[in-house]
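S.K.: Handing you this structure, nothing more for now.
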Amino acid sequence: MKAFYLILGFLFFGLGAVGVVVPGLPTTVFMLLALWAFARSSDRFHAWLYHHRTFGPPLQAWHRYRVIPRRAKLLALLTMAVSLAYLLFFTHFQLWFKLVILLVMAYGAWFILTKPSVKPAGETPR
Numbered sequence: 000m001k002a003f004y005l006i007l008g009f010l011f012f013g014l015g016a017v018g019v020v021v022p023g024l025p026t027t028v029f030m031l032l033a034l035w036a037f038a039r040s041s042d043r044f045h046a047w048l049y050h051h052r053t054f055g056p057p058l059q060a061w062h063r064y065r066v067i068p069r070r071a072k073l074l075a076l077l078t079m080a081v082s083l084a085y086l087l088f089f090t091h092f093q094l095w096f097k098l099v100i101l102l103v104m105a106y107g108a109w110f111i112l113t114k115p116s117v118k119p120a121g122e123t124p125r
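Residues 0 to 125 (numbering that gives the first Met the number 0) make up the sequence shown, in order.
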């Protein structure tokens, strides 16, 4: 099973890395999934991702305090809005499909907005 989780970790990491440059493809979600998979397969890769210069700080903030930084929130919401606008106005999908995507994005936006942006004062790590 370790090999399966290791492959899954690299797959999620790759998707997250692509999400850095492709609008509409989330980065943080895939990095969290990669971290989860690496935790079950490789201490080395788990530590590497957890302490990564770029991806590490948001992962650590989420793990310790369930915090989503303001910049990540803004970027996620902006990307969702642009993707939704494109879907609604420039594609020819059926209305029910567009509504499903709208509901999924609305849930994602609600989830993001209900999480704190900064670590609570005096809060100790989990």
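Beta carbons are placed, not taken as given, at the ideal position from N, Cα and C, and that holds for glycine.
Between residue 87 and residue 94, what straight-line distance do the alpha-carbon atoms span, to the nearest angstrom?
M.R.: By 1-based counting over the sequence shown, the position of residue 87 is 88. By 1-based counting over the sequence shown, the position of residue 94 is 95. Cα to Cα, residue 87 sits roughly 9 Å from residue 94.
S.K.: Leaving out five residues on either side along the sequence, give the residues of the same chain with a beta carbon under 7 Å from the beta carbon of residue 71.
M.R.: Taking the first residue of the sequence shown as position 1, residue 71 is located at position 72. 27, 57, listed in sequence order.
S.K.: Could you tell me which whole beta strand (DSSP E) segments of length 3 or greater appear in the stretch 43–77?
M.R.: none
S.K.: Which residue wins for smallest C-alpha separation from residue 69, given the options 7, 9, 112, 15?
M.R.: Here residue 69 corresponds to residue number 70 of the sequence shown, with the count starting at 1. Measuring from the Cα of residue 69, the nearest candidate turns out to be 112.
S.K.: On the criterion of 16 or more Cβ atoms from any shown chain inside 10 Å, does residue 15 qualify as buried, or is it exposed?
M.R.: Counted from its first residue, the sequence shown places residue 15 at position 16. Classification of residue 15: buried, given that the 10 Å Cβ count is 16 or more.
S.K.: Would you kindly check if the distance between the Cβ of residue 108 and the Cβ of residue 76 is under 8 Å?
M.R.: Taking the sequence shown and counting its residues from 1, the one referred to as residue 76 is at position 77. Taking the sequence shown and counting its residues from 1, the one referred to as residue 108 is at position 109. Yes, the Cβ-Cβ distance between residue 76 and residue 108 is below 8 Å.
S.K.: Among 74, 98, 92, which one has its Cα closest to the Cα of residue 20?
M.R.: As a position in the sequence shown, residue 20 is number 21, starting the count at 1. Residue 20 has its Cα closest to that of 74, out of 74, 98, 92.
S.K.: Quick check on DSSP: helix, strand or coil for residue 79?
M.R.: Walking along the sequence shown from the start, residue 79 turns up at place 80. DSSP places residue 79 in helix when its eight states are reduced to three.
S.K.: If I follow the unbroken alpha helix (DSSP H) through residue 131, where does it start and stop?
M.R.: Because the chain here runs from 0 to 125, residue 131 falls outside it and cannot be looked at.
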